[in-house]
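In terms of full-length UniProt numbering, the sequence shown is residues 1 to 454.
Just below is one structure, and these are the notes that go with it.
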Amino acid sequence: MKRFCENLNVSPAILGEHLKFRSGRETQNRFLKAALTERVSTYDVENPKKHGLPTDYILNLYDKWGHGKFGTILTGNVLVDPTNLESAGNAIIFKEGDGEERRSLFSQWAKNIKQDGALAVVQLSHGGRQTPVTVEQNPWSASDVQLAGERRFTPFGKPVPLTVEQIKTEVIDRFVFAAKFAYETGFDGVELHAAHGYLLAQFTSPTTNKRTDQYGGSIANRQRIILEIYDAIREVIPASTGFLVGIKTNSVEFQEQGTTVDDAKEMCQVYEEKGFDFVELSGGTYEKLAFHHLRDSTRSREAFFLEFAEKIRPVFKNTVVYLTGGFRTVKAMVEAIENGATQGIGLGRPITAEPDLPKKILEGSVASSIKNALDENDFGITNLVSNTQMQQMGRTTFQQAEQKPTYGISDFSDEATVQRYNEALKDYVVYMKTLAGENKPIHGVLVFEGVQQA
Ligand SMILES: Cc1cc2nc3c(=O)[nH]c(=O)nc-3n(C[C@H](O)[C@H](O)[C@H](O)COP(=O)(O)O)c2cc1C
Numbered sequence: 001m002k003r004f005c006e007n008l009n010v011s012p013a014i015l016g017e018h019l020k021f022r023s024g025r026e027t028q029n030r031f032l033k034a035a036l037t038e039r040v041s042t043y044d045v046e047n048p049k050k051h052g053l054p055t056d057y058i059l060n061l062y063d064k065w066g067h068g069k070f071g072t073i074l075t076g077n078v079l080v081d082p083t084n085l086e087s088a089g090n091a092i093i094f095k096e097g098d099g100e101e102r103r104s105l106f107s108q109w110a111k112n113i114k115q116d117g118a119l120a121v122v123q124l125s126h127g128g129r130q131t132p133v134t135v136e137q138n139p140w141s142a143s144d145v146q147l148a149g150e151r152r153f154t155p156f157g158k159p160v161p162l163t164v165e166q167i168k169t170e171v172i173d174r175f176v177f178a179a180k181f182a183y184e185t186g187f188d189g190v191e192l193h194a195a196h197g198y199l200l201a202q203f204t205s206p207t208t209n210k211r212t213d214q215y216g217g218s219i220a221n222r223q224r225i226i227l228e229i230y231d232a233i234r235e236v237i238p239a240s241t242g243f244l245v246g247i248k249t250n251s252v253e254f255q256e257q258g259t260t261v262d263d264a265k266e267m268c269q270v271y272e273e274k275g276f277d278f279v280e281l282s283g284g285t286y287e288k289l290a291f292h293h294l295r296d297s298t299r300s301r302e303a304f305f306l307e308f309a310e311k312i313r314p315v316f317k318n319t320v321v322y323l324t325g326g327f328r329t330v331k332a333m334v335e336a337i338e339n340g341a342t343q344g345i346g347l348g349r350p351i352t353a354e355p356d357l358p359k360k361i362l363e364g365s366v367a368s369s370i371k372n373a374l375d376e377n378d379f380g381i382t383n384l385v386s387n388t389q390m391q392q393m394g395r396t397t398f399q400q401a402e403q404k405p406t407y408g409i410s411d412f413s414d415e416a417t418v419q420r421y422n423e424a425l426k427d428y429v430v431y432m433k434t435l436a437g438e439n440k441p442i443h444g445v446l447v448f449e450g451v452q453q454a
């Protein structure tokens, strides 16, 4: 097993410090399990009310992360609208599908997350124009700016601009319903997904928001929908409950007319004043992905959005800030905190290879994450591999895995494994193309080796 760095030449102690949120809860350390879409919840074309039920794969997966010593664990994006999905197989919370079964599955999900002390936070999202056309031909958006190109060989439909009334009924009310559901099923909070080009980012970004009413134009107008969601959630779940409301937002977008770092800073200032418990800084959209180094200046410091975080950070006084994207070595994590760019460290792809990476780092037994024999700059392949590893984790419970969180996960630092995966990928590409050609959604992930399902 190869790592980015073998020698621990810096103390990890600072990573074990608690973070205190303004509405009261406290984390056991600075690590955040970033949202990673699972794509293995139910997708039932015959009975849409059964869409988005978490499966055993999800429960088992978080049984592993729930033993990894994270401070906070985010779910993958959980959708608030049953038709505007990021992908078939997303978990969904929606009033039309409410019931005992969904509630008991989400309660179990929260329990699995919290087993070794992590806070459990649901990431709430709405696909908007980034919904695959095979799931919804005419998704909602801020304006009718269609997303060009394809993802998983599937294009995107022409979006329908939401009316002011629909912003309330189709977006705000749905976010509030989902937040209340998360609260009632035992989660510690929600994170609004306003990054990566999904619906809330479609409102904040000038690329996709061409409105001339109170939801378009100035930064304040573009941000309005988010603040209205926040207020509406707090009306039913006040901060005095301790329930967290955070947000994932872009520190920058690189596509034409995208959100600039100055825009992002202005918006973050407002999140601070509004009372958000935390802000997780990220960047990029489907139009211009940014999960790799787009600038040489950040390469040696690992985190993709570090220089943007450094510019934004001074606005945060009571709101906790997390930075996600690119962290691989303990040294870079510690430096980012010591230099004041961030308080918390978000981890995505490294923790699908090693769900207990925070535990190992805090114990001082590793100096970095595993270094896969993959092109780290290729989000396409690293994303597929992460989903595959999550599916492998989901085949067994923690107990069935002999209490080893890494049990049954393929080691992609091994060249031979990568070669076999590339072979399997050829068949998977044919499968995806066939489904897309038949106008059918792609549900699930590339299933590869590992152990048999228990
Ligand atoms: C398989 C996979 C699924 C992802 N799903 C989500 C998601 O549901 N919500 C989200 O905000 N970001 C999602 N991301 C982005 C990650 O949260 C994270 O921001 C990104 O991977 C960069 O962090 P990393 O370099 O540590 O992987 C996903 C990334 C991967 C690889």
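For every residue, glycine included, the Cβ atom is placed at its ideal position computed from N, Cα and C.
Tyrosine 431 classed as buried or exposed, judged by whether at least 16 other C-beta atoms fall within 10 angstroms: exposed
Near ligand 1: serine 282 beta-carbon under 6 Å from a heavy atom: yes
Threonine 285, DSSP secondary structure in three states: strand
Contact test: histidine 293 Cβ vs ligand 1 heavy atom, cutoff 6 Å: no
Residues that glutamate 191 bridges to, as DSSP identifies them: Gln123 and Gly246
Closer than 6 Å: histidine 193 CB and nearest ligand 1 heavy atom: yes
Alpha-carbon spacing of residue 455 relative to threonine 131, whole angstroms: Because the chain spans 1 through 454 in this model, residue 455 falls outside it and cannot be assessed.
heavy atom of ligand 1 below 6 Å from alanine 118 C-beta: no
Alpha-carbon to alpha-carbon, valine 40 and threonine 241: 32 Å
Contacting residues, own chain, Cβ-Cβ under 7 Å from asparagine 221 (five flanking each side not counted): Gln214 and Tyr215
Limits of the unbroken alpha helix (DSSP H) element including lysine 69: From DSSP, lysine 69 is part of no alpha helix (DSSP H); its letter is neither H nor E.
C-alpha distance - tyrosine 43 paired with glycine 127, whole-angstrom precision: 16 Å
Touching by the beta-carbon criterion (3+ pairs, under 8 Å), the stretch 234-250 and the stretch 277-288: yes
Length of the line joining the Cα atoms of asparagine 250 and alanine 35: 14 Å
Residues sharing a beta bridge with threonine 154, DSSP: Arg151
Residues bridged to tryptophan 140 (per DSSP): Val160
Which of helix, strand or coil DSSP assigns to proline 314: helix
Whole-Å CB distance - valine 135 paired with leucine 53, under 8 Å assumed: The Cβ separation is near 16 Å, so there is no contact.
N- and C-terminal bounds of the beta strand (DSSP E) containing threonine 324: 320-324
Given glutamate 38 as reference, the closest of Leu61, Phe31, Asn47 and Glu17 once Cα atoms are compared: Leu61
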